[in-house]
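Residue numbers (our numbering), protein chains in the order written: chain D, 468 to 580; chain C, 23 to 137.
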């Protein structure tokens, strides 16, 4: 199932700089996207979401951008902090049922002090 | 802050044994889910549960799996006869509304190791 794909398994940035995490999707029926953050030995934690009627959603240091024509979304974290070091997953619910989330592979973000 | 709790945090079992993983969802939530993550792989949907019945299940959720809400607070996942490939981290989640409207809240996971 490659409907949601995160091509970068890891990303390393300096504290204070911008982190950009990318996600591509193939299913044009997806109309809602979520980003989750996961620390080791914990479950995923919801971070931010975006509906397909928008192209941007901002919450504090976190902004998600959606490019529907390119079937691409990105999560920007600025400024990045060491506590942001975690695995970030993008996910989308299936249109037909709405009860199933399809996750990407995840990107390990490391923010260096 | 309300949270989803899962027990046990880690269970080791022999192949062929039955396992029950337990979850206490957030109290006012109506939708319940099980997901799993095999080491090095994606988080995968197993099953969703609403109004005391399964609303959707994936191809993974075969006859060896079952879910139950035995009382007003617990939500369990039973694996009848475990296989080696069932070794994974199992996450319970709950939501107030269906996905697409509200977010899922995940528990910390139960690590299942099948020997």
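We put the beta carbon where it would ideally sit given N, CA and C, even for glycine.
Because the structure is a prediction, the values reported are computed rather than measured.
- Annotation for residue 513/D: 501, 503 place their beta carbon closer than 7 angstroms to its own, counting only its chain and skipping 5 residues before and after.
- Using a Cβ-Cβ distance cut-off of 8 angstroms, the segment 38-58 of chain C and the segment 98-109 of chain C are in contact, since at least three pairs of beta carbons, one from each stretch, lie closer than that value.
- At the C-beta level, residue 479/D and residue 577/D come within 7 angstroms of one another.
- Sequence-ordered contacts of the segment 510-522 of chain D with chain C read 510, 511, 512, 513, 516 [C-beta pairs closer than 8 angstroms].
- Not flagged as an interface residue toward chain C: residue 532/D, since no C-beta distance is shorter than 7 angstroms.
- The residue from 521/D, 540/D, 507/D with its alpha-carbon nearest to that of residue 471/D is 540/D.
- Taking 7 angstroms as the cut-off, the Cβ atoms of residue 57/C and residue 127/C do not count as close.
- DSSP, read as helix, strand or coil, puts residue 66/C in strand.
- Chain order gives no chain C residues near residue 576/D, where near means a beta carbon separation below 7 angstroms; the closest approach is about 17 angstroms.
- Beta-bridge analysis with DSSP links residue 37/C to no other residue.
- Across the structure, residue 535/D and residue 487/D are spaced so that their CA atoms are roughly 18 angstroms apart.
- A distance below 6 angstroms between beta-carbons, with the five flanking residues on each side excluded, links residue 506/D to the following residues of its chain, in chain order: 553.
- Beyond the five residues adjoining it in sequence on each side, residue 570/D comes within less than 7 angstroms, by CB distance, of 471, 556, 558 in the same chain, given in chain order.
- Within its own chain, the residues whose Cβ lies closer than 7 angstroms to the Cβ of residue 494/D, once the five positions on either side in sequence are excluded, are 470, listed in chain order.
- The residue among 542/D, 490/D, 498/D with its C-alpha nearest the C-alpha of residue 518/D is 498/D.
- Within the segment 479-511 of chain D, those residues whose Cβ lies closer than 9 angstroms to any Cβ of chain C are, in chain order, 498, 499, 501, 503, 505, 508, 509, 510, 511.
- Exclusion of the five residues before and after residue 489/D leaves 541 as the residues of its chain whose Cβ lies within less than 6 angstroms of its Cβ.
- One finds 65 in chain C with Cβ atoms closer than 8 angstroms to the Cβ of residue 556/D, taken in chain order.
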